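Taken in order, the sequence shown gives residues 2 to 69; the numbers are from my numbering. We put the CB at the ideal spot given by N, CA and C, even for glycine. Model, not experiment: these values are computed from the prediction. What follows is a short report on a single structure.
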Amino acid sequence: MEPIFCPYCGLKRLEELDPTEIMVDNDIWIIYHYECQECAEIFDKILLKDEGFIDDFNGEEDEKGFWS
Ligand SMILES: [Zn+2]
């Protein structure tokens, strides 16, 4: 798995919490939850089985221009 960095402080001292699996449009999304040990922020990374990691929902919206 690629290294994951905290989006808040940029460090990678992360605790991986139990992942969540959801079904979206017949794809299985695995949502990994990370808790940063440096700044105590919690963030998610979403893994699509076929496409690999994408950023969280907000990040995807920010890149609308990319898809048009
Ligand atoms: Zn952090």
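ask   = If you count every other CB in all the chains shown that lies within 10 Å of the CB of E62, and 16 or more means buried, which is it?
value = Locating residue 62 in the sequence shown gives position 61, counting from the first residue. For E62, the pLDDT reaches just 49, beneath the cut-off of 50, and the residue's location in the model is therefore unreliable, although a value from the coordinates is still provided. With fewer than 16 neighbouring CB atoms inside 10 Å of its own CB, E62 falls in the exposed class.
ask   = Which residues mark the beginning and the end of the beta strand (DSSP E) in which Y33 is found?
value = Locating residue 33 in the sequence shown gives position 32, where the first residue counts as 1. Y33 -> beta strand (DSSP E) spans D28 to C37.
inquiry  = If you reduce the DSSP assignment to three classes, tell me which class G11 lands in.
reply    = Looking up residue 11 in the sequence shown gives position 10. Coil at G11, not helix or strand.
request  = Check the Cβ-Cβ distances between A41 and every residue of chain B, and say whether any is below 8 Å.
outcome  = Of the chains in the structure shown, none is chain B; there is only one protein chain.
key: Where K46 falls: helix, strand or coil (DSSP)   = Indexing the sequence shown from 1 puts residue 46 at position 45. Looking at K46 - three-state DSSP - the assignment turns out to be strand.
query = Say the cut is 7 Å; is the CB of L18 nearer than that to a heavy atom of ligand 1?
reply = For the purposes of this step, residue 18 is taken as the residue at position 17 of the sequence shown. No, ligand 1 has no heavy atom inside 7 Å of this Cβ.
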